[in-house]
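J.: What follows is a structure written as structure tokens; I'll ask about it next.
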Amino acid sequence: MFIGFLKDVFLEKADAVAIIWHGRPYQYAWLSNALEYWVGRLTSAGICSGDVVLLQGDFTPNSVAVLLALVEKGCIAVPLSAERVHERETLSSIAMANWTIAIDEEDSVSINQRQAQSSHELYELLRQKGHPGIVFFTSGSTGVSKGVVHDLARLLAKYHARRHDLRTLAFLLFDHIGGFDTLLYVLSNGSTLVVPEFRLPGPVCQAIAQHQVQVLPVSPSFLNLMLLSEAHAEFDLRSLRYITYGAEVMPASTLRKCAAVFPGVTLLQKYGATEIGTMRSKSEKQDSLWVKIGGEGYAWRVVDGMLQIKCDSAMVGYLNAPSPFTSDGWFITGDVVEQNGESLRILGRKSDIINVGGQKVYPAEVEEVICELDGVADATVYGEKNQLLGNIVCAKIRLARPEPAEQFSRRLRAHCKGRLDKYKVPLRVTLSDDLQFDARSKKMRRNLAEGAGVKNAQGAV
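Heads up, the sequence shown is in this note's numbering, so the first residue is 120 and it goes up one at a time.
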């Protein structure tokens, strides 16, 4: 009923490949049959419309088929990737799931009923409308993970229009709205989703070369890691047509390197949030961080330097947090931006800003300057509490080659002088190979900030 438009694609593209998993192709005919099988199997198990079902899996063939079956039955799905399985009980409790479906690495499925009562006002709104729903959890990088409830009847609307048939790599996670967007874009256009063996530079580049992937959606941090590893040089990646990036601020230096390494590939900045979905976007130039966002059903405005968005596909609400919408219905993104006509440049999250004696410091700006220094592979900038200034700027830096800490510190200070205001120059620098990224390949500034002051990491200069 809710995915009739997808079922039409499946029939039309019956002989085409829908998913490549473990190197094996699964055709749309297989997916169509698997969908009908799982609708019946879920019904036999006692799962009904409106039930809240925690779905633990990745982009395995059965994970995709079961997710679609839950939507077709009008359930409320709560996807959970393997990277967050240690949080399963906590997140399941927040979601009040009354069923758990676990799909392992071999694509085997187990179904178990839970005792929880899923009585939440947001769920009742969906049930009254007879609409399926989906719950995504935020990463929790700024505190407790928030349960984001979407009405799938609204969220699926933008996928009804056919667009481009492009073979795409499944890099973003199964329980991430960007991963959901990747899956729906692929299926609604009769394309192929290629699932890499691991989300590491080597296996990702190998999958691109082996299966002629055309679209690579990644985070800036992963893109930088791939360039540093030089895994791209070991494989033939000429099939790539687009590299899309988002989820965090892209360093200009990384963007320039990527444009030089992939001159024939279109680099496209994407913008989205768990609460509103993914918007259509267009970068001004290959190596430009200025982007135009919007598309049908989306509007934006900048209020006090912060981006606000209004859209048809906005979430119903949070399960466990106050509403982030203004009284007139605009979503407060938490992203600080610069505006130039119809274009925007993302400066960073408001929660990441470091307040040094009343002066604002954007970590991405300091990271950009640090990464321009010869011998620096990557850097993460964060704040540390200070009795005199409120906060000081700290940096954890990964070097491309070994160098004595004192020598590097002198070079860094000389490099930053004249490029950064004095209050922006890091007062504490740690050299480390572990910059701490989360499962979504985003920098974990909060973890570094919370750990600062507990004990000084070895290699601080």
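We treat Cβ as the ideally placed atom computed from N, Cα and C, and that holds for glycine.
Could you give the uninterrupted runs of the beta strand (DSSP E) lying entirely in the stretch 171-257, keeping only those of 3 residues or more?
T.: 171-175, 195-199, 218-222, 228-232 and 252-256, all fully within the stretch 171-257.
J.: Which class does Ser-307 belong to by DSSP, given the choice of helix, strand or coil?
T.: In the structure shown, Ser-307 sits in a helix (DSSP, three-state: H, G or I).
J.: Please classify Asp-454: does DSSP put it in a helix, a strand, or coil?
T.: DSSP places Asp-454 in strand when its eight states are reduced to three.
J.: With DSSP run on the structure shown, which of helix, strand or coil describes Ala-519?
T.: Correct three-state label for Ala-519: coil.
J.: Under the three-state reduction of DSSP, which class applies to His-141: helix, strand or coil?
T.: In the structure shown, His-141 sits in coil (DSSP, three-state: anything other than H, G, I, E or B).
J.: Nearest CA to the CA of His-330: which residue from Ile-222, Thr-209 and Leu-288?
T.: Checking every option, the nearest Cα to that of His-330 belongs to Leu-288.
J.: Does Glu-457 come within less than 9 Å of chain C when only Cβ atoms are used?
T.: Absent from the structure is chain C; it holds one protein chain and no more.
J.: For Tyr-156, tell me which candidate among Gly-365, Leu-173, Ala-188 and Val-171 has the shortest Cα-Cα distance.
T.: If we check each option's Cα against that of Tyr-156, Ala-188 comes out closest.
J.: Is DSSP giving Leu-387 helix, strand or coil here?
T.: Strand, per DSSP.
J.: Quick test of your reading: Trp-92 and Glu-403, contact by CB under 8 Å. State the CB separation rounded to the nearest angstrom.
T.: Because the chain here runs from 120 to 580, residue 92 falls outside it and cannot be looked at.
J.: As a quick exercise: from Lys-192, Val-183 and Leu-130, pick the residue whose alpha carbon is nearest that of Val-313.
T.: Cα-wise, what sits closest to Val-313 is Val-183.
J.: From Ile-590 to Leu-199, what distance separates their C-alpha atoms?
T.: The requested residue 590 does not occur in the structure, where the chain is confined to residues 120 to 580.
J.: Identify the continuous alpha helix (DSSP H) that holds His-330 and give its terminal residues.
T.: Where His-330 is concerned, the enclosing alpha helix (DSSP H) stretches over 320-330.
J.: Quick check: what's the CA-CA separation for Val-204 versus Gln-175?
T.: Cα-Cα distance, rounded: 8 Å.
J.: My output table needs one value for Ser-551: the three-state DSSP class, helix, strand or coil.
T.: It is coil, neither helix nor strand.
J.: Count the other CB atoms within 10 Å of the CB of Val-573; is the residue buried (16 or more) or exposed (fewer)?
T.: With a pLDDT of only 42 at Val-573, under the threshold of 50, the placement of this residue in the model should not be trusted, and no figure is reported.
J.: Any idea what DSSP makes of Met-345, helix, strand or coil?
T.: Three-state DSSP puts Met-345 in a helix.
J.: Look at the alpha carbon of Gln-234 and the alpha carbon of Asp-406, and state the distance between them as a whole number of angstroms.
T.: Cα-Cα distance, rounded: 53 Å.
J.: How should Cys-167 be labelled, buried or exposed, when 16 other C-beta atoms within 10 angstroms of its C-beta is the threshold for buried?
T.: Under this definition Cys-167 is an exposed residue.
J.: Mind checking who Cys-513 pairs with in its DSSP beta bridge?
T.: Its beta-bridge partners are Tyr-501 and Arg-547.
J.: Please report how far the alpha carbon of Met-398 lies from the alpha carbon of Leu-507, in whole angstroms.
T.: When rounded, the distance between both Cα atoms is 42 Å.
J.: Where does the unbroken alpha helix (DSSP H) through Tyr-156 begin, and where does it stop?
T.: Taken as a continuous stretch (DSSP letters only), the alpha helix (DSSP H) holding Tyr-156 covers 147-164.
J.: Does DSSP put Ala-379 in a helix, a strand or coil?
T.: Helix.
J.: Going by the CB atoms, is the gap between Val-500 and Val-512 shorter than 9 Å?
T.: Going by C-beta atoms, Val-512 is nearer than 9 Å to Val-500.
J.: With 16 other CB atoms within 10 Å as the buried threshold, where does Glu-316 fall?
T.: Burial call: exposed.
J.: What residue does the alpha helix (DSSP H) around Cys-490 start on, and which one ends it?
T.: Per DSSP, Cys-490 belongs to the alpha helix (DSSP H) from 482-490.
J.: Between the stretch 371-382 and the stretch 430-445, can you find at least three pairs of beta-carbon atoms closer than 8 Å?
T.: The stretch 430-445, when compared against the stretch 371-382, does not touch it at the 8 Å Cβ threshold.
J.: Use the C-beta contact count for Pro-545: other C-beta atoms within 10 angstroms, 16 or more gives buried, fewer gives exposed.
T.: Pro-545 comes out buried.
J.: In three-state DSSP terms, what is Asp-270?
T.: Strand, per DSSP.
J.: Just the Cα atoms here: how many angstroms apart are Asp-134 and Leu-438?
T.: The alpha-carbon atoms of Asp-134 and Leu-438 are separated by roughly 41 Å.
J.: Looking at the secondary structure, which residues open and close the beta strand (DSSP E) in which Ala-528 lies?
T.: Per the sequence presented here, residue 528 reads as Ser, with Ala not at that position. First-last for Ser-528: 524-535, but that is the alpha helix (DSSP H), not the beta strand (DSSP E).
J.: Contact defined as beta carbons within less than 8 Å: I believe Ala-483 pairs with Leu-463. What is the distance between those atoms, to the nearest angstrom?
T.: Between Leu-463 and Ala-483 the Cβ distance is about 14 Å, and since that is not below 8 Å, they are no contact.
J.: Since Gly-413 is in the beta strand (DSSP E), which residue starts that stretch and which ends it?
T.: From DSSP, the beta strand (DSSP E) with Gly-413 extends over 410-413.
J.: Under the three-state reduction of DSSP, which class applies to Lys-126: helix, strand or coil?
T.: In this structure, Lys-126 counts as helix in the three-state DSSP scheme.
J.: Nearest-angstrom Cα distance between Pro-251 and Asp-170?
T.: Their backbone Cα atoms lie some 9 Å apart in a straight line.
J.: Alpha carbon to alpha carbon, what distance is there between Val-136 and Gln-146?
T.: When rounded, the distance between both Cα atoms is 4 Å.
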